[in-house]
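*Asks:* Sequential numbering from 11 applies to the sequence shown in the working numbering.
Here it is, the structure in full.
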Amino acid sequence: MVGPTGLSDANRLGYTHRGFPEGTPHAIPQRVSCINNNEGHTMSTYTARTVPTQFVGANGIRFAYRRWGSKQGGLPLVFHQHFTGNLDNWDPGVLDGLAKECEVLIFNNAGVASSTGEVPTTFAGMAKNAEVFIDALGLKKVDLLGFSIGGMVAQQMALDRPELVRKLVLVGTAPRNHDAGNGQGHITPETAAIFGATYNPPENLWLQVFFTDSEQSQAAGRTFLKRYLSRTENRDAPISDKVAPAQIAAITDWGTASGERFAYLKHIKQPTLVVSGSHDVIVYTVNSLYLVQNMPNAKLILYPDANHGSWYQHHEDFVFETNRFLGGSCETDYRCQHSSGRRIKTMSQTKQERKKALVLEAFDTLFNKRDYVAAERYWSPTYIQHSAHIGPGREGLFNLIKSMPPTLKYEPGVIVTDGDLVIVHGRFSGFGAPVNWIAADILRIEDGVLVEHWDVIQDEATQEQSKSGRPMFGDSFPVYR
């Protein structure tokens with residue numbers, strides 16, 4: 011995000027500077043070296059809460075990064091952070107949602123948090139360092155996602171190295187010479203007022219930065235904060251007091267660039283998805299319109315009743331749209347229809363289909379693949395269990411499955427949705443009992459994970475035992491030995 015002028019006291023943002031741990035080098039040789047690659051781990055098994063921080067060095071800078079997700083979805087998606095943000099300042103709901111379809115790569119640019127070096131005072135300088143980081147990882151082509159000032163860095167990279175960048179996702183950002191009202195240093199007056207206030211607890215700052223004042227938006231903000239604070243171990247280092255002034259100088263430089271206004275945008279020819287909230291007071295919404303009006307291959311998504319964190323407020327829809335734009339495996343498509351009523355109906359149907367897919371993928375990962383690390387991304391840590399057959403919480407469910415023989419098999423049948431509830435009718439077999447179980451599992455979904463469960467379980471009847479004369483599951487009766 012864009013920060014206010016004079017905000018050199020980063021403590022007001024909840025950050026303090028603790029420096030690097032004893033023995034951590036502040037500069038390293040010019041040769042590229044990779045640290046803590048965690049070879050032997052499959053990146054797709056990590057989540058935003060569990061993925062380890064790695065380091066790579068180049069040009070005397072030690073870059074901190076986290077990398078995980080699906081390698082099957084195409085190119086890595088490299089994230090560029092907002093004002094004074096570090097590795098922990100992303101929404102896990104967005105990161106893990108995208109990681110199901112592509113490889114996610116978040117990093118601290120030079121001088122930010124756990125990365126060494128100096129923070130440049132221009133976005134051109136930050137772009138050069140980001141290019142050094144990507145080259146150090148040996149990546150030849152990537153997709154870029156830039157949020158707020160990160161979107162300004164991403165634009166510069168697309169100009170500097172067009173052969174490196176395939177597609178762009180620009181969220182809550184602006185072109186050079188952007189509109190910022192009458193704010194000093196090309197920073198909006200609302201931004202200065204929001205960052206100049208005090209908050210208790212400090213993280214409530216983000217409710218004002220990212221969300222509107224409406225009851226619905228603030229409720230989404232409180233839910234976001236739970237996701238935002240969910241990583242409790244191995245968190246990133248705080249930023250130093252040198253970061254904010256350098257980034258503010260870069261904003262001023264970006265806002266006062268010389269030459270014909272917006273002319274440079276015609277040279278950014280990569281397919282671009284521009285995303286904004288209808289009431290963004292940090293980076294005014296009109297700036298997103300300037301981008302799509304002047305870039306030759308850009309389209310705009312404008313979320314209603316949304317501020318700077320529009321993609322966090324509407325994170326499920328954003329993930330779906332972005333995966334589709336980047337060319338992930340999601341085949342469901344809803345293009346804007348001529349009738350707004352038809353579009354709303356289609357979007358609603360699509361969300362319900364995604365909930366069905368989430369449950370089916372979760373069950374297959376846990377019951378059939380027995381991949382407990384990967385399964386954590388589907389079940390909330392505070393999972394509520396109502397079953398008489400399963401111990402409390404996520405741990406109770408996982409322990410039950412771990413105790414079962416490797417022959418356990420789950421087959422889904424009929425599946426329906428009702429709001430946040432998904433009901434799936436399925437069969438469990440091979441778990442050591444003399445008969446199969448037919449289960450109707452009811453699951454409540456919140457923020458893209460399973461949060462609550464009820465079930466009804468019956469022994470699967472043979473043809474001789476069935477009074478209806480019809481199978482309880484599928485088209486045939488079981489034959490028990």
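Every residue, glycine too, gets a C-beta built ideally from N, C-alpha and C.
(1) Use the C-beta contact count for residue 474: other C-beta atoms within 10 angstroms, 16 or more gives buried, fewer gives exposed.
(2) Here's the rule: buried if 16 or more other CB atoms are within 10 angstroms of the residue's CB, otherwise exposed. What is residue 185?
(3) Would you call the CB atoms of residue 317 and residue 289 closer than 7 Å?
(4) Which residue marks the beginning of the beta strand (DSSP E) containing residue 390, and which one marks its end?
(5) Taking CB distances under 7 Å as the criterion, tell me whether residue 233 reaches chain B.
(6) Going along the chain, which residues of its own chain have a beta-carbon closer than 6 Å to the beta-carbon of residue 451, five neighbours each way excluded?
(7) Can you give, in chain order, each stretch of the beta strand (DSSP E) that sits fully within the stretch 413-475 and has at least 3 residues?
(8) My output table needs one value for residue 322: the three-state DSSP class, helix, strand or coil.
(9) With distance defined between alpha-carbon atoms, name the residue in 447, 193, 157, 86 nearest to residue 418.
(10) If you reduce the DSSP assignment to three classes, tell me which class residue 237 lands in.
(11) In chain order, what residues of the same chain have a beta carbon less than 6 Å from the beta carbon of residue 155, not counting five sequence neighbours either side?
(12) Rounded to whole angstroms, how far is the Cβ of residue 137 from the Cβ of residue 167, which I believe are closer than 8 Å?
(13) I need the DSSP call for residue 279, collapsed to helix, strand or coil.
(14) Opposite residue 113 in the DSSP bridges: which residues?
(15) Return the Cβ separation of residue 113 and residue 77 in integer angstroms, given the expectation that the two are a contact with Cβ distance under 8 Å.
(16) Nearest to residue 219 by CA position, among 201, 230, 209, is which residue?
(17) Drop a sphere of 10 angstroms on the beta-carbon of residue 490, count the other beta-carbons inside from all chains shown, and report buried for 16 or more, exposed for fewer.
(18) Hey, could you find the ends of the beta strand (DSSP E) residue 382 is sitting in?
(19) If the criterion is Cβ atoms closer than 7 Å, does the pair residue 436 and residue 420 meet it?
(20) Can you grab the Cα-Cα spacing for the pair residue 210 / residue 228, in whole Å?
(21) Flag this pair as touching only if the stretch 147-164 and the stretch 268-276 have three or more C-beta atom pairs under 8 Å; answer yes or no.
(22) Once the 5 residues before and after residue 259 are set aside, which same chain residues still bring their CB inside 6 Å of it?
(23) Nearest by alpha-carbon distance to residue 93: which of 119, 108, 68, 111 is it?
(24) Is residue 274 helix, strand or coil by DSSP?
(25) Label residue 68 either buried or exposed according to how many other C-beta atoms from any shown protein chain fall within 10 Å of its C-beta, with 16 as the threshold for buried.
(26) Label residue 140 either buried or exposed according to how many other C-beta atoms from any shown protein chain fall within 10 Å of its C-beta, with 16 as the threshold for buried.
(27) Is residue 48 helix, strand or coil by DSSP?
(28) Let me know the alpha helix (DSSP H) ranges lying completely inside the stretch 115-185, each 4 residues or longer, listed in chain order.
(29) Answer yes or no: do residue 107 and residue 329 have a C-beta to C-beta separation smaller than 7 Å?
(30) Are there 16 or more other CB atoms within 10 angstroms of the CB of residue 232, so buried, or fewer, so exposed?
(31) If I follow the unbroken beta strand (DSSP E) through residue 303, where does it start and stop?
(32) Can you tell me whether residue 87 is helix, strand or coil according to DSSP?
(33) Would you say residue 400 and residue 410 are within 7 Å of each other, going by their C-beta atoms?
(34) Whose C-beta lies closer than 6 Å to the C-beta of residue 230 among residues of the same chain, with five residues either side of it excluded?
(35) So residue 205 is in the alpha helix (DSSP H); what residue range does that whole segment cover?
(36) Under the rule that 16 or more other beta-carbon atoms within 10 Å means buried, what is residue 273, buried or exposed?
*Replies:* Concretely, from the data shown:
(1) exposed
(2) buried
(3) yes
(4) 389-395
(5) Among the protein chains of the structure shown there is no chain B, as only one such chain exists.
(6) 434, 465
(7) 419-428, 431-439, 447-456, 459-469
(8) Three-state DSSP puts residue 322 in a helix.
(9) 447
(10) helix
(11) 87, 89, 179
(12) About 5 Å separates the Cβ atoms of residue 137 and residue 167, confirming a contact at the 8 Å cut-off.
(13) DSSP, read as helix, strand or coil, puts residue 279 in coil.
(14) 79
(15) 7 Å
(16) The shortest C-alpha separation from residue 219 is found at 201.
(17) Exposed, by the Cβ-count rule.
(18) Segment 382-385 is the alpha helix (DSSP H) holding residue 382; no beta strand (DSSP E) there.
(19) yes
(20) 16 Å
(21) Contact between the stretch 147-164 and the stretch 268-276 is absent, because fewer than three Cβ pairs lie under 8 Å.
(22) If we look at residue 259 and ignore the five residues flanking it on each side, its Cβ neighbours are 131.
(23) 119
(24) In the structure shown, residue 274 adopts helical secondary structure according to DSSP, grouped into three states.
(25) buried
(26) Result: buried.
(27) Confidence is the limiting factor: at residue 48 the pLDDT is only 36, short of 50, which leaves the residue's position unreliable, though a coordinate-based value still follows. Note: residue 48 maps to coil in three-state DSSP.
(28) For the stretch 115-185, whole alpha helix (DSSP H) runs of length 4 or above, ordered along the chain, are 133-146, 159-170.
(29) yes
(30) exposed
(31) First-last for residue 303: 296-304, but that is the alpha helix (DSSP H), not the beta strand (DSSP E).
(32) strand
(33) yes
(34) 323
(35) 199-206
(36) exposed
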